[in-house]
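Input: a single structure, listed below in structure tokens.
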Amino acid sequence: MHKQLTAQELYIRKQKHTKISIHLLQICILIAFLLLWEISASAGWIDSFIFSSPKKLGLCAADLLLTGQLMGHISITLLETFISFLLVIVSTLLITILLWLNKPLSKTLEPYLVVLNSLPKSALAPLLIVWLGANYKTIILTGMSVAIFGSILNLYTGFVETSPDKIKLVRTLHGNRAHVLFKVVLPANIPNLFSIMKVNIGLCLVGVIIGEFIGSKRGLGYMIIYGSQVFKLDWVILSILILCVIAMLLYFLLGRLEKRFVCE
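Going by this note's numbering, the sequence shown opens with residue -1, and the numbers climb by one from there.
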């Protein structure tokens, strides 16, 4: 018994060391990239006006932070992303449940959902701006349009593929459709729902940025399009890097939430 516990402890320790090594390697790669970028810009190997440099981006970020512009742009983009994400999740659940309860309706709407999901959302955004006006509601709707149709199709597929044996068991025990839905279908699709959420948070962010490109005077998307128009390329690159960090943090938070709920 003692040897078995020792072997288990050694295995856990090895796994922890492996995880730490991977994190350290990732950090080293990032630091090496930033150093190479800075050296290349300082030595004139690349044009610092076009490609910027970590030092210039740091100074640009500090200047924008002091004036309060950067946090304002970040906050509005995050707010629009969170609202569109929450609306996508709620709408996806409600519409998927409706389609699962009504098979003829799901068969009728399936081809339309497939077409809408395949439609390039960047082509739809200008129409939404024209129809609804250039405001934050339209940008939120643009963020939703990127994610919602694929989410409905994926979650509905999970609903349909739920274990038929478990459903038969509930039916045998005289359970109704509500029992099947809340006792079998929804619990079985929690991992699937979290997978969809992790994809959707990135898609909603992309949709919001597309909307800000076209019809906004605030947000990171506005910073990118404005910076490219007036050749403030530091703004463009800084905004892109911030978007990368935001996307990673949101994905990480959803991953932690998934571990907590799925493990429980």
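In this text, a Cβ means the ideal position worked out from N, Cα and C, and glycines have one as well.
Keep in mind the model is a prediction, meaning the values are calculated, not measured.
In angstroms, rounded to a whole number, what distance separates the CA positions of residue i and residue j?
i, j, result
"S226", "F211", "11 Å"
"H172", "S193", "32 Å"
"I95", "S50", "50 Å"
"S143", "W233", "27 Å"
"L22", "L28", "10 Å"
"T106", "L248", "35 Å"
"R258", "P189", "11 Å"
"L251", "K196", "9 Å"
"W35", "G56", "13 Å"
"S214", "Y134", "8 Å"
"L117", "A245", "23 Å"
"P52", "S38", "11 Å"
"T65", "V182", "53 Å"
"H288", "R254", "A question about residue 288 goes unanswered here, because the residues of the chain that appear run from -1 up to 262."
"L97", "L103", "6 Å"
"N58", "Q13", "The amino acid at residue 58 is misidentified as Asn; the sequence shows Cys. So the two alpha carbons sit approximately 41 Å from each other."
"I145", "Q6", "A small fix is needed here, since residue 145 is Ala in this sequence, not Ile. A145 and Q6: Cα-Cα distance of roughly 43 Å."
"N115", "F147", "5 Å"
"L184", "T136", "31 Å"
"V243", "K101", "42 Å"
"G141", "F31", "32 Å"
"F83", "G209", "15 Å"
"C26", "I240", "20 Å"
"E256", "T90", "18 Å"
Run through DSSP, which three-state label would residue i get?
i, result
"R216", "coil"
"G70", "helix"
"A132", "coil"
"V228", "coil"
"G173", "coil"
"E159", "coil"
"W98", "helix"
"M(-1)", "A caution first: M(-1) carries a pLDDT of 44, below 50, which makes its placement in the model too unreliable to give a value."
"G42", "coil"
"N187", "coil"
"L34", "helix"
"P109", "helix"
"N118", "The residue you asked about is not Asn; residue 118 is Pro in the sequence shown. Reduced to three states, the DSSP call for P118 is coil."
With 8 Å set as the bound, which would you pick, yes or no: does the beta-carbon of residue i sit closer than that to a beta-carbon of chain C?
i, result
"E7", "Absent from the structure: chain C. Only one protein chain is present."
Would you mind reading off the limits of the alpha helix (DSSP H) that contains residue i?
i, result
"D163", "P162 to T170"
"G56", "P52 to T65"
"I48", "S46 to F49"
Verify the contact flag: residue i, CB atom, against every heavy atom of the ligand MN, threshold strictly below 7 Å.
i, result
"I72", "As for the ligand MN, it is missing from this structure, which has no ligand bound."
Three or more C-beta pairs below 8 Å linking the segment 151 to 171 and the segment 118 to 126: no
Touch check for the segment 32 to 50 and the segment 156 to 163: three-plus C-beta pairs under 8 Å? no
Could you say if the segment 173 to 181 and the segment 144 to 151 meet the contact criterion of at least three C-beta pairs nearer than 8 Å? no
So, do the segment 66 to 76 and the segment 200 to 219 have three or more beta carbon pairs nearer to each other than 8 Å? yes
Ignoring anything shorter than 3 residues or poking outside the segment 234 to 260, list the beta strand (DSSP E) runs there in chain order. none
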